[in-house]
Every structure is written in C-alpha cells, then in structure tokens.
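Below is one structure, written out as structure tokens; comments come after it.
Numbering (our numbering), first residue to last: 12 to 88.
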C-alpha cells in the first residue's frame, strides 16, 4: 500500500509507548502489528494505528493516533 520497498513487519518483542509531551508521560501499548518505514513506524493497538519512530534501542515511541484505517495511516506518513 505504501509503495515503500523497504517497509517491513517488525517483531513485537520490544517496548512500544505513546508519549504525551504535555504531561511528560508515556503509556505502554500492546501492539499486534508493527510496520517499519525506514525510521518511522505504524503500530496497531486495539484496532487503532499509531505513528511513531524507532529508537536506537529498538523501542517504538509513538506520538499520535490515525484511527483504525491502515490506508489513512500510511497516507499520514
């Protein structure tokens, strides 16, 4: 869907959080899918897609949700 030839499915054995900059807080996610597009990631948790980046340690830090549509989330990249 993305047209990115280097897009990949990542393993789920990593820390994935949503960061709230206003409250300086992180909420852990329990994703069932993690898609990597270079250093950006889409993470699906409870049916919603979150955008984030891949940290140096392999964790994923998300900052926004794009809702339940994968195609819409990919367009937001």
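No residue lacks a Cβ here, since even glycine has one placed at the ideal position from N, Cα and C.
Here the structure is a predicted model, which means the values were calculated and not measured.
Identify the continuous beta strand (DSSP E) that holds residue 75 and give its terminal residues. 71-78
Given this structure, state the Cα-to-Cα distance separating residue 63 from residue 33, to the nearest angstrom. 17 Å
Close beta carbons around residue 44, own chain, < 6 Å, minus the five adjacent residues each side: 55
Using only the alpha-carbon positions, how far apart do residue 40 and residue 17 sit? 24 Å
How many whole angstroms separate the CB atoms of residue 61 and residue 29, which I take to be in contact at a CB cut-off of 8 Å? 6 Å
DSSP three-state label for residue 84, please. helix
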